[in-house]
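Asks: So in our numbering the end of the sequence shown lands on 446, straight run, no missing numbers.
Quick one: the structure is below, and I'll ask about it shortly.
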Amino acid sequence: MFQLLTRTRLYAIFLLGLFVPSVFAETINGSALEKSCEIQSPATREDLVRIAVECNATQKAVTSHWQAQKHRVDVAGSLDDPRVTIGVAPQTFGDDQFDGGYIVEFSQPLPWPGILSLREKAAAAQADVWLERRSQEQILLARDVRLQIAQWQYHYQLLKINEQHQGLWQEFLVIVQSKYAAGTTNKSAVLQATQEHQLLLQESIELKANIERDISQIKRLLNLPSSVLLETTLLLNEAPPSLPDKAVTTLKEMLDSQPSMQALDARKRHKNFELELAEKDRYPTFTVMTRYNSLWMNEEQRWVVGVGFNLPFDFGKRSSREDSLRAEHMALRWEQQDLLIQLREQLVQADSYFQQARSVHQLYQDELLPLADENLITARNEYRSGNGDFLSLLTAQRQALTTQRKAQMAVRDQHAQFAQLTAAAGLVQRQDWNDILNIDVLGN
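If you want it as structure tokens, here you go:
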């Protein structure tokens, strides 16, 4: 009994050893993945881009498709399974006049030399298509993350501006009500000041809702739980990026290395291998076989070996398939030429928008914002001293508010256009710019 229990336990331990390591490995891999998806506090834009690339569910799906296609490469280069056939003569069962007999046949298809290698190369080219698609998805995801962060930052700064002007109108209301009590202004000024303050309260409600939706969208892109809190200190303090004049010129010379171009190149290679396979389809496919038939009376005739092959008559079907593949290959060549032009012009246009956003942002920082602030301070002092009217104060406040909003829009546009330019350049991380240009040109 003791030996039986011992053997049972050993058997259970053996089975546990077969299955538990895979479970442990899955748990460890899952823990490592969860750890890589944790957000450092506080996080920069590039930290969020990195987390999105590593943790986004769509990215994981594309990566799994690529890995699945890689596994098909070995399958494509393998021989077809051999075939075994077993036969008997059922009418001889139970008949003493006949000896029991059977037939056993083994056969193995053998393609023309070079076909397996071409199949493997075609599958590898198809895997490269998925690899480049994975890179394209990463580029688009990084762009979307940067755009969403820029939009969130814009709404957040608008809320800060809104709170600042609410404070101004609370101050203005005290001044206007004092003047109305003293009889130096009319009631319409009090009503107008109250209405302006209420409109700011309404805008504050809308901006807070926008910020909540922006954060929700960022969490979706990063595949984060809803309970995660984003520390935004570094995001708000990051200055808009800058690039040297030679950046776009350098990138124009590297358009062929972009993932979209590489994907088309992989598709062209795949069509080439398919065409070579179609041409080799004109050669016969062999099948070697061996058979043992115990029903033969003569023992020398019972064992048979042989070879079979198909007769690859054309009748137009092979020629039409080859012509179709050549036409598809030519279409890919034209698509690649058109894509090259598109990438070049997208790069030029994205750089133009980026430089425009930089110039507008600089204009607001150097000229428009200081002028609007000075105008508002002057109008407030003049109204308080009685040298100015309420309309001038109201106009100055609205101009200052509009200027501050447009200044933040210029900041958002600069971040957004950098995201578009990075995507047009076929890049993912900010560090990729430094690696290409061989100089640290991007400051935080």
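C-beta: ideal position from N, C-alpha, C; glycine also.
Per DSSP, GLN110 is paired with what?
Replies: Looking up residue 110 in the sequence shown gives position 108. According to DSSP, GLN110 bridges with VAL290.
Asks: What runs of the beta strand (DSSP E), each 3 residues or longer, lie entirely inside the region 351 to 409?
Replies: none
Asks: Here's a check: name, in chain order, each residue in its chain whose Cβ is nearer than 7 angstroms to the Cβ of GLU48, leaving out the five neighbours to either side.
Replies: Here residue 48 is taken as the residue at index 46 of the sequence shown, counted from 1. Closer than 7 angstroms at the Cβ level, and outside the excluded window around GLU48, lie GLN431, ARG432.
Asks: Do the region 135 to 153 and the region 412 to 422 make contact, defined as three or more Cβ pairs closer than 8 angstroms?
Replies: yes
Asks: Report buried or exposed for THR424, applying the criterion of at least 16 other Cβ atoms within 10 angstroms of its Cβ.
Replies: What you label residue 424 is simply residue 422 of the sequence shown in a count that begins at 1. With 16 or more Cβ atoms within 10 Å of its Cβ, THR424 is classed as buried.
Asks: Are there 16 or more other CB atoms within 10 angstroms of the CB of ILE207, so buried, or fewer, so exposed?
Replies: For the purposes of this step, residue 207 is taken as residue 205 along the sequence shown, with counting starting at 1. Classification of ILE207: exposed, given that the 10 Å Cβ count is below 16.
Asks: Secondary structure at THR87, three-state DSSP: helix, strand or coil?
Replies: In the sequence shown, residue 87 corresponds to position 85, counting from 1. Three-state result, THR87: strand.
Asks: Which ranges does the alpha helix (DSSP H) cover as unbroken runs of at least 4 residues, wholly within the region 281 to 341, from first to last along the chain?
Replies: none
Asks: How far does the alpha helix (DSSP H) with ARG121 in it reach, from first residue to last?
Replies: Residue numbering aside, residue 121 sits at position 119 when the sequence shown is read from its first letter. 117 to 184 is the extent of the alpha helix (DSSP H) around ARG121.
Asks: Tell me the rounded alpha-carbon separation between LEU253 and GLN422.
Replies: As a working mapping, residue 253 is identified with position 251 in the sequence shown. As a working mapping, residue 422 is identified with position 420 in the sequence shown. Spanning the two alpha carbons is a distance of roughly 14 angstroms.
Asks: Please classify GLU276: is it buried, with 16 or more other beta-carbons within 10 angstroms of its beta-carbon, or exposed?
Replies: Along the sequence shown, one-based indexing puts residue 276 at 274. So GLU276 counts as buried.
Asks: Please classify ILE41: does DSSP put it in a helix, a strand, or coil?
Replies: On the sequence shown, residue 41 is found 39 positions in, with the first residue counted as 1. Three-state result, ILE41: coil.
Asks: For GLN42, I'd like the list of residues in its chain whose CB is within less than 7 angstroms of its CB, leaving aside the five on either flank, ordered along the chain.
Replies: One-based indexing of the sequence shown puts residue 42 at position 40. Same-chain partners within the cutoff: ASP49.
Asks: Please confirm whether VAL307 and GLN110 have their CB atoms less than 8 angstroms apart.
Replies: Position 305 of the sequence shown, counted from the first residue, corresponds to residue 307. Position 108 of the sequence shown, counted from the first residue, corresponds to residue 110. No, the Cβ-Cβ distance between VAL307 and GLN110 is not below 8 angstroms.
Asks: Tell me where the alpha helix (DSSP H) around VAL51 begins and ends.
Replies: Residue numbering aside, residue 51 sits at position 49 when the sequence shown is read from its first letter. Note, VAL51: alpha helix (DSSP H), 47 to 57.
Asks: Does the beta carbon of ILE41 fall short of 7 angstroms from some heavy atom of the ligand GTP?
Replies: This structure does not include the ligand GTP; it has no bound ligands of any sort.
Asks: Just to confirm my understanding: we take GLN406, look at its own chain, exclude 5 residues before and 5 after, and list those with CB closer than 6 angstroms. What are they?
Replies: Mapped onto the sequence shown, residue 406 falls at position 404. These residues qualify, in order along the chain: ILE163.
Asks: How big is the Cα-Cα spacing for LEU224 and GLY390?
Replies: Sequence index remark: in the sequence shown, residue 224 carries index 222 (1-based). Sequence index remark: in the sequence shown, residue 390 carries index 388 (1-based). So the alpha carbons of these two residues sit roughly 53 angstroms apart.
Asks: Going by CA-CA distance only, name the one from GLN348, GLU205, ILE177 that's closest to VAL192.
Replies: Along the sequence shown, read from residue 1 onward, the residue named residue 192 stands at position 190. Ranking the options by Cα distance to VAL192, first place goes to ILE177.
Asks: In chain order, what residues of the same chain have a beta carbon less than 6 angstroms from the beta carbon of GLY89, not counting five sequence neighbours either side?
Replies: For this step, residue 89 is matched to residue 87 along the sequence shown. Answer for GLY89: ILE105, listed in chain order.
Asks: Between the alpha carbons of PHE317 and ARG284, how many angstroms are there, rounded?
Replies: Numbered from its first residue, the sequence shown carries residue 317 at position 315. Numbered from its first residue, the sequence shown carries residue 284 at position 282. Roughly 11 angstroms separates the two Cα atoms.
Asks: Taking the alpha-carbon positions, what's the ASN239 to GLU278 distance?
Replies: Mapped onto the sequence shown, residue 239 falls at position 237. Mapped onto the sequence shown, residue 278 falls at position 276. C-alpha separation (whole angstroms): 58 angstroms.
Asks: Using 8 angstroms as the threshold, is the region 186 to 202 in touch with the region 386 to 402, meaning 3 or more CB pairs across them?
Replies: yes
Asks: Which residues in the same chain as GLN205 place their Cβ atom closer than 7 angstroms to its Cβ, once the five residues preceding and following it in sequence are excluded?
Replies: If you number the sequence shown from 1, residue 205 lands on position 203. Before going further, note that residue 205 is Glu rather than Gln in the sequence given. Excluding sequence neighbours, GLU205 sits near ASN164.
Asks: Thinking C-beta only, is TRP435 closer than 8 angstroms to THR287?
Replies: Here residue 287 refers to the residue found at position 285 of the sequence shown. Here residue 435 refers to the residue found at position 433 of the sequence shown. Contact: no.
Asks: If you drop the 5 nearest sequence neighbours on each side, which residues of the same chain put their C-beta closer than 8 angstroms to that of VAL55?
Replies: Taking the sequence shown and counting its residues from 1, the one referred to as residue 55 is at position 53. Excluding sequence neighbours, VAL55 sits near GLN61, GLN140, LEU143, ALA144, VAL430.
Asks: What does DSSP give as the partner residue(s) for ILE213 in the beta ladder?
Replies: The residue given as residue 213 occupies position 211 in the sequence shown. Bridge pairing for ILE213: absent [DSSP].
Asks: Excluding the five sequence neighbours on either side, which residues of its own chain have a C-beta within less than 7 angstroms of the C-beta of ILE53, listed in chain order?
Replies: Walking along the sequence shown from the start, residue 53 turns up at place 51. If we look at ILE53 and ignore the five residues flanking it on each side, its Cβ neighbours are CYS39, ILE41, LEU224.
Asks: Check whether the region 373 to 391 touches the region 332 to 343, taking contact to mean three or more Cβ pairs, one atom from each stretch, closer than 8 angstroms.
Replies: No, because fewer than three Cβ pairs between the region 373 to 391 and the region 332 to 343 fall closer than 8 angstroms, the two stretches do not touch.
Asks: Would you kindly work out how many angstroms separate the C-alpha atoms of GLN179 and TYR158, rounded to a whole number?
Replies: Counted from its first residue, the sequence shown places residue 179 at position 177. Counted from its first residue, the sequence shown places residue 158 at position 156. Near 32 angstroms, if we compare the C-alpha coordinates of TYR158 and GLN179.
Asks: Ordered along the chain, which non-local residues of its own chain (more than five positions away) have a Cβ less than 6 angstroms from that of VAL362?
Replies: Here residue 362 refers to the residue found at position 360 of the sequence shown. Once the five neighbours on either side are set aside, the close Cβ partners of VAL362 are ALA412.
Asks: With distance defined between alpha-carbon atoms, name the residue in LEU170, LYS181, THR65, GLN71 nearest to ARG386.
Replies: Translated into the one-based positions of the sequence shown, residue 386 becomes position 384. Ranking LEU170, LYS181, THR65, GLN71 by Cα distance to ARG386 puts LYS181 first.
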